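All remarks here apply to the structure that follows.
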Amino acid sequence: MSATQIQTILSNADSFAELIGNTLSQDNSTRRTAEDLYAQLKQQRPDAIASNLLQLMRASSDPRIRSTCAVFLRKFLKPGRKDCGWTQLNRLAKNSVKQSLLEGLAAESDRTVAKQTADVIVALAELIFEGADPGSGKTWPELLTALQGWLNPQMASAATREAALQVVAGLSMQLKQYSGQLASVIIGCLGAQESPDVQVAALRAVVEFLKVLRKPKDLRPYQAALPAALSALQLVISANNTTAAENILTELIHTAESEPGLWQPHMKTAIPGMLTLAGSGPGPSPLPGELQRLAAEFVLTLIDMKPQVVQAELGAAPLASQLVAMLAHFLTTGIEDDATWAEDPMASPDMEEDDTLDEMHRYGLECAIRAAEQLESAAMLRAVVDMTAAWAQDASDWRKRHAVLMCLSQVVGSCKEVVKAAEITSLASLLVNALHDPHPRVRWAACHTVGILSDDLGPGMQLGAGGAALLKAMTELLAEPESPSCPQRVKAQACRALVGFLEGLEKEDEDDDEEEEDENATKQKVQHQLLLPFLEPLSVSLLAQVERCAAGEGGAVPGGRALVPTPLQEFSMDVLTHLSVVLGSAFAPCFQVAMPRVMAVLARAAPFHGPSAVASGAVTDEEAEAIVRVQVGALECAAFMCRAAGPAAVAEHVPNMVAMLGLLCRSDIESSSPLLVPLLGAIEPLASCLGPEARHLLGPALPLLAQWASKDVGLRALDDESEVEGAGSGDDNGSASEESDRDDSDLSLLVYGDSAYRCTGSVLVAKTAAVSALEELVTKMGPALAQQVTVLSDVLMPRLLEYYLEDIHLMVRRALPKFLRNYLLALSQGTLPPNDPAGSPATAQAVLLRIWQTVTVVIHPDAAQAEASARLLQLPDGSQRPAPTTATRADMVEVLTQIVDCVEGTMLQQAWVAEAFAALQAAVAAAHQEALEEGSEDEDAGGSSQDKSMEADDSVDLEGSDAEEGEDEDDGEETDDDSESPEQARDRLRKQVESCVAAFTRKYGDAVAALAQQVLAAQQPEQQRNAVVTVRNGMVA
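For the sequence shown, my numbering assigns the number 129 to the initial residue and increments by one for each residue that follows.
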């Protein structure tokens, strides 16, 4: 653009107005041309652009034009922008901009434009106060003078006062020193004479000051704003001004978040008033839902921030009663009475998918949890139980009965420490009555609550006085014929409740590892006494649903066939699974009836599984998803029932299991498939049950286990923040597209040593399941697995190099020595077929050499420097593995010791033994050097503090010192709980090395005496004295 054209536009007010108007054009071409032209003018003549925008903003009669000018000016002055125009203006232009903006705001009559002008002033003030205008310093005295005039109701319009308050709010940090002077003026703007918009703006200014003020004397002047804001809220509610009421409530919540302590003098009036607004309302009818939620949120925010203060002011019991009444109101008004709710057998029992529960109901449940977590447990529990008992008798409104049950499900978990045996019995009685309620929605809520309380209060609730009654009521519900009061949707929820009931019993077994065996046996006996009377009636109802699923009598999806199992059918198998886990061998009477039906479900689903079935049109995507779900449930059910029944009962079903695994164990299954991990996991209980007879499963199962145990998890280091942010950008070796396609939702983070890494989460989960199943096969099959020595060594030995995957490495460290011992036992007993290559001494030597090299390369700190070892320590992509830590070396020394103990001395070549001792000696030396370096760092860090303590006088703050000491002790304890310290790892390495040397000397005696001395010489003198090896008998003194 020529200089003449620029001058024409900038010197002619009409031309410039036309340009700004064109930026608002509906025509894309016109608007784009105008925007490009404006950008050129701003770049070439910033001073003229600022001047013209200010003139047009004041002169134009069109509010849209004035608004656009204000927006352009704000962007022109916005702090932090590279093209910020303020720095390009001369002194005269800057003064003109400041003056014109102040005058423009005072003269602006349009509320929207005034607020946008306020935004411009805030942007400019931030520039000035941050020092972007060195010539005038970090002050703008004219702004402070203008604010005083704008906030005067006799001198300025409501639009100007609202905009002025917006300026104050936007500059709260910069105006902090004037907060005391401004407090009375701002609070005055909350008065009844002001418009609601001004009141909201004033309260927002208060909130912004509360965020930046810290000293009590600075905050105190704003305490008077709180009752003024409550009065303003009452006025706008009386005037039915919903928008203003929402805005005031929102800002009141912000005050409670920022400075809850300011509310203490007003809590006795504010909280009951807000609870009234949230409940029945101040008038004949309740307030709109959004206002109710905001009023409740204000109360809960104060409770979250200051629970003890709130309860001290209002009393724990009265407050809990009022809160529960409000929550019950939310839960009753937030549920729709839909007559079709019970009609669809495919309806999910999940509350999240229930369209008849609106946001008010869901918010009520959230509020119940928050209140229960913060308030006194006894008071909250009593309030909920009292209301439940009262409303449960109200036959006129099912919503009330539903509401109190839902409230109970949310509250009890946070109050369980005060729930005693008598309360549990009372709760169980209430739930039993609700399970027999005539309304299906109440029965659903009862089932939902049983499932949750079984976890919260288990196993006390199950094994207490009311446990059998609950189990009887759920059994009767499942046996009841389908009807409007007992639809499949309620029965499906009853199955889920039973799963929760049984999981509560399972959980106890997991938590009581340290108890005596006889005590566990007693508990198991009590559990069986509870469950066995109901096993037969329960199994009749459950197996009827499994049989219907196997027969294809499921529900139908839109456009699909009746292949899809109903939720009731799915959850029936889940109940059977958990019954078999809890009852163990006592489940045997049910096994012979249940197993054929569960296998029939798998057989029916198998032909329709996999991408090919969808591609061929045999099933829809939705049907395929449902089929996978039922396959997962049936697989787990079959596997755990087999483990419970024992090998004798399972023997006749093994051929069918093998055939089914042959159909399901496909090499093309992806890590994202929901069937993969359950399929891999099913092998473990089957192996546990079958023992050596699990050899029948190896044909279909072992290739899949080997495939996924060997999968690369895609380990990548996250060395710094920039690498984390750029993880998806790829590299220069052609992997950019691969990285860009990575699904970050399938990302797992792990820490090894002092570094963080990422890997593919779904692969890691599947890999862990596969290795766990392989470990179980090794443990249970014993020497019968020896024929698979090549496959298993190919799978397990590389896993020893994946020491950064903690769970997997632990399982392999346990499994590999067992497998080697079993393999050598099979060789010595001659149980391998004569022509089997696995039975040859050459194979045994090759396997042992491979294990030996793998173990020693991890133990030796300098292994990566040797070319052959370096290749072993490379990741699949060619990059280097993380360096093994001292803790990992200690683990691998333990593995080496187990290998030495289980092999014949003649199997270990002299060179191998020397290699092992060299690795042990290097590991000990590296640990010693690590300790020296840590000690040097500690001395450097502690030197100055020690000097200061030596020079200190006698005036010591003992209380502070004790506190610091306590903190240090806590830190140490926390570290001990979470992970092994470096010092502990070194000590463990030393002990493992001593044990390993002892194992060698037991086997070789004087032949390794010199090597043993060299290893021990690498230790510190006091450690040498404690680790004297008596070579003749291989004992560590």
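Where a beta carbon is used, it is the ideal one built from N, C-alpha and C, also for glycine. Keep in mind the model is a prediction, meaning the values are calculated, not measured.
R886: member of the beta strand (DSSP E) spanning S883 to T888, first to last residue. A residue is called buried when at least 16 other Cβ atoms come within 10 angstroms of its Cβ; D325 meets this threshold and is buried. With a 10 Å radius around the Cβ and a threshold of 16 neighbouring Cβ atoms, G594 comes out buried. Between the alpha carbons of A235 and G316 lies a gap of roughly 22 Å. As a beta-bridge residue in DSSP terms, R844 pairs with R886.
Take the alpha-carbon of Q392 and the one of E441: they are about 8 Å apart.
With respect to the 8 Å criterion, Q697 and G632 are not classified as neighbours on the basis of their beta carbons.
The shortest C-alpha to C-alpha distance from E1062 to any of S1109, E1043, A1039 and F768 is the one to S1109.
Between the C-alpha atoms of P612 and A423 there is a straight-line separation of about 38 Å.
Under DSSP, V879 shares a beta bridge with A884.
The bridge partners DSSP lists for L485 are I463. Sequence-distant partners of S800 (beyond 5 residues in either direction) whose C-beta falls short of 7 Å from its own C-beta, in its chain, are S890. With the rule of 3 Cβ pairs closer than 8 Å, the stretch 729-747 does not count as touching the stretch 648-657. Per DSSP, the beta-bridge partners of S611 are C614. In the displayed model, Q135 falls within a helix according to three-state DSSP. Looking only at P355, S307 and A297, the smallest Cα-Cα distance to L318 is reached by P355. In chain order, C623, L626, V627, L630, L666 and L670 place their CB closer than 8 Å to the CB of V703, counting only its own chain and leaving out the 5 sequence neighbours on each side. When secondary structure is reduced to three states using DSSP, Q1002 falls in the strand class.
DSSP, reduced to helix, strand and coil, places V906 within a helical segment of the structure shown.
As summarised for the stretch 286-374, the continuous alpha helix (DSSP H) elements at least 4 residues long and confined to that stretch are 286-298, 307-316, 324-340, 344-347 and 353-366, given in chain order. Going by C-alpha positions, A145 is about 11 Å away from L152. Secondary structure at Q1026: helix, using DSSP grouped into helix, strand and coil. Look at Q521 here: in three-state DSSP terms it is coil, with no helix or strand label.
When Cβ pairs closer than 8 Å are counted between the two stretches, the stretch 775-792 is seen not to touch the stretch 872-890, the count staying below three. According to the DSSP assignment, Q835 belongs to the alpha helix (DSSP H) that extends over L826 to A837. Here P828 has V786, L789, G790 and C793 as same chain residues with Cβ atoms under 7 Å from its own Cβ, once five neighbours each way along the sequence are excluded.
Relative to the Cα of Y166, the nearest Cα in the group R192, R186, K203 and Q154 belongs to K203.
Apart from sequence neighbours up to five positions away, the residues of its chain that approach R194 with a beta-carbon distance below 6 Å are M185, S188 and V241, ordered along the chain. Contact check for Q327 and A360: beta-carbon distance about 4 Å, within the 8 Å limit, so the pair qualifies. Residue pairing for Q172: DSSP places it in no beta bridge.
Between the alpha carbons of A1042 and A1140 lies a gap of roughly 10 Å. In the structure shown, the three-state DSSP call for V747 is coil. Taking the Cα positions, E545 is about 15 Å away from I497. Counting C-beta atoms within 10 angstroms of its own C-beta, M283 has fewer than 16 neighbours from the protein chains shown and is therefore classed as exposed. A contact is defined here as three or more CB-CB pairs under 8 Å, and the stretch 929-945 meets this definition with respect to the stretch 895-908. Out of G389, L430 and E379, the CA that lies nearest to the CA of L403 is found in L430.
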